[in-house]
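Visitor:
Numbering (the UniProt record's numbering), first residue to last: 1 to 276.
#1: Grab me the residues of residue 86's own chain with a C-beta within less than 8 Å of its C-beta, minus the 5 sequence neighbours each way, in chain order.
#2: Comparing alpha-carbon positions, which option in 41, 21 and 228 lies nearest residue 55?
#3: Using a 10 Å radius around the Cβ and a threshold of 16 neighbouring Cβ atoms, would you call residue 37 buried or exposed?
#4: Could you compute how far the alpha carbon of residue 275 sits from the alpha carbon of residue 253?
#5: Going by CA-CA distance only, name the one from 218, 106 and 249 that's closest to residue 185.
#6: For residue 104, which residues does DSSP report across the bridge?
#7: Can you tell which of 226, 94 and 44 has its C-alpha closest to the C-alpha of residue 75?
#8: Using the beta-carbon count (16 or more within 10 Å), is residue 244 buried or exposed?
#9: Can you confirm whether the segment 97-111 touches the segment 213-227 when touching is taken to mean that 3 or more C-beta pairs between the two stretches lie within less than 8 Å?
#10: Given a cut-off of 8 Å on the beta-carbon distance, is the pair residue 225 and residue 122 in contact?
#11: Return the bridge partner residues of residue 4 from the DSSP annotation.
#12: Given a cut-off of 8 Å on the beta-carbon distance, is the pair residue 95 and residue 113 in contact?
#13: Our contact map puts residue 52 next to residue 29 with C-beta atoms below 8 Å; I'd like the distance itself, whole angstroms only.
#14: In angstroms, rounded to a whole number, what distance separates the CA positions of residue 240 and residue 273?
#15: Leaving out five residues before and five after residue 199 in sequence, what residues of the same chain have Cβ atoms less than 7 Å from its Cβ?
#16: Closest to residue 115 by C-alpha separation, out of 137, 90 and 180, would be which residue?
#17: Based on the DSSP secondary-structure assignment, which residues constitute the bridge partners of residue 161?
#18: Please classify residue 60: does DSSP put it in a helix, a strand, or coil?
#19: Have a look at 93, 120, 117 and 118 and flag the residue whose alpha-carbon is nearest the alpha-carbon of residue 109.
#20: Quick check: what's the CA-CA separation for residue 204 versus residue 6?
#21: Below 8 Å on the Cβ atoms is my contact criterion, and I expect residue 63 with residue 26 to pass it. Report the Cβ-Cβ distance as a whole number of Å.
#22: With H, G and I counted as helix, E and B as strand and the rest as coil, what does DSSP make of residue 68?
#23: Alpha carbon to alpha carbon, how far is residue 207 from residue 58? Give it in angstroms, no decimals.
#24: Just tell me which of 24, 41 and 42 has its CA closest to the CA of residue 60.
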């Protein structure tokens, strides 16, 4: 049967074919592949693999070749990326779909344009003798002294001006986790490193285009909103037994800090602490 609008232009003839379920399944796999190409940041190979994982042998025999499927993914992504011109200067307009994640934009006319991205609700909820001993153990090299001076002025005492020292840029109370370790609370910046690795996995490349970058940031902010909302209702992932034991061992070791004579040896013991 052929139709044009609401009118039937040709009635079905006597010649008919029985339904072919394999053809429908092949079309479903191809449709799934295109969805992965548009919506995921997986590699081309992973997009193909995820699409054909549940396909039967009959379906796979009717599918295009592996290289053809991979080209299909690349073409789909290229058309999506080329739908909007990639900016080459700072004076570009941010598309409406990304306006929600823009916390601050100094404007297209600013030669030193700064754009801050994030979620305002998440942002508003973020919340001395050992140094000398460690310095004495370092080799007397100009490069080392430069690092020590930087660390001291930014994290320990601040720069000396007019006979007195200014407060450090990052006060000790801001970064010292001694009391956190006693309470078995988070005590390192591993979460920052984990966030960076997770963000890298969103793009699957070192230099994404501006629109791909904004799309990835928007996706990650959505995940952070989920984590934030889970925290508001006190729903947290339970730590593994290994990390519970490690935190308890560290809390016990922390209580011995003041009695330790060799602080460097003490820090090495903490750094190499592990649970088998």
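The beta carbon of each residue, even a glycine, is placed where N, CA and C say it ideally should be.
Guide: Let me spell this out:
#1: Mapped onto the chain shown, residue 86 falls at position 86. The answer, listed in chain order, is 209, 210 and 211.
#2: In the chain shown, the residue the question calls residue 55 occupies position 55. Comparing Cα-Cα distances from residue 55 to each of 41, 21 and 228, the minimum goes to 21.
#3: One-based indexing of the chain shown puts residue 37 at position 37. Its Cβ being crowded by 16 or more others within 10 Å, residue 37 is buried.
#4: Within the chain shown, the letter at position 275 stands for residue 275. Within the chain shown, the letter at position 253 stands for residue 253. Computed Cα separation, rounded: 14 Å.
#5: On the chain shown, residue 185 is found 185 positions in, with the first residue counted as 1. Minimum Cα distance to residue 185 is reached at 249.
#6: Looking up residue 104 in the chain shown gives position 104. 116.
#7: As a working mapping, residue 75 is identified with position 75 in the chain shown. Closest option to residue 75, Cα to Cα, is 44.
#8: The sequence position of residue 244 within the chain shown is 244, counting from 1. Classification for residue 244: exposed.
#9: yes
#10: Here residue 225 refers to the residue found at position 225 when the chain shown is read from its first residue. Here residue 122 refers to the residue found at position 122 when the chain shown is read from its first residue. Against a cut-off of 8 Å, the Cβ pair of residue 122 and residue 225 comes out as a contact.
#11: In the chain shown, counting from the first residue as 1, residue 4 sits at position 4. The partner list for residue 4 (beta bridge, DSSP) reads 7.
#12: One-based indexing of the chain shown puts residue 95 at position 95. One-based indexing of the chain shown puts residue 113 at position 113. Cβ distance not < 8 Å, so residue 95 and residue 113 don't count as in contact.
#13: On the chain shown, residue 52 is found 52 positions in, with the first residue counted as 1. On the chain shown, residue 29 is found 29 positions in, with the first residue counted as 1. Yes, they are in contact, since the Cβ atoms of residue 52 and residue 29 sit about 6 Å apart, within 8 Å.
#14: Counting from one through the chain shown, the residue named residue 240 turns up at place 240. Counting from one through the chain shown, the residue named residue 273 turns up at place 273. The straight-line gap from Cα to Cα measures roughly 17 Å.
#15: For the purposes of this step, residue 199 is identified with residue 199 of the chain shown, where counting begins at 1. Contacts found: 220.
#16: Within the chain shown, residue 115 is the residue found at index 115, counting from 1. It is 90 whose Cα lies nearest to the Cα of residue 115.
#17: Against the chain shown, residue 161 aligns to sequence position 161. Residue 161 is bridged to 164.
#18: Position 60 of the chain shown, counted from the first residue, corresponds to residue 60. In the structure shown, residue 60 sits in a helix (DSSP, three-state: H, G or I).
#19: One-based indexing of the chain shown puts residue 109 at position 109. For the residues 93, 120, 117 and 118, the minimum Cα distance to residue 109 belongs to 93.
#20: To locate residue 204, count along the chain shown from 1; it is residue 204. To locate residue 6, count along the chain shown from 1; it is residue 6. Rounded to the nearest angstrom, the two C-alpha atoms are 47 Å apart.
#21: Walking along the chain shown from the start, residue 63 turns up at place 63. Walking along the chain shown from the start, residue 26 turns up at place 26. Sure, about 6 Å apart at Cβ, within 8 Å.
#22: Here residue 68 is taken as the residue at index 68 of the chain shown, counted from 1. Looking at residue 68 - three-state DSSP - the assignment turns out to be helix.
#23: Walking along the chain shown from the start, residue 58 turns up at place 58. Walking along the chain shown from the start, residue 207 turns up at place 207. The alpha-carbon atoms of residue 58 and residue 207 are separated by roughly 40 Å.
#24: The residue given as residue 60 occupies position 60 in the chain shown. Considering only alpha carbons, the answer is 24.
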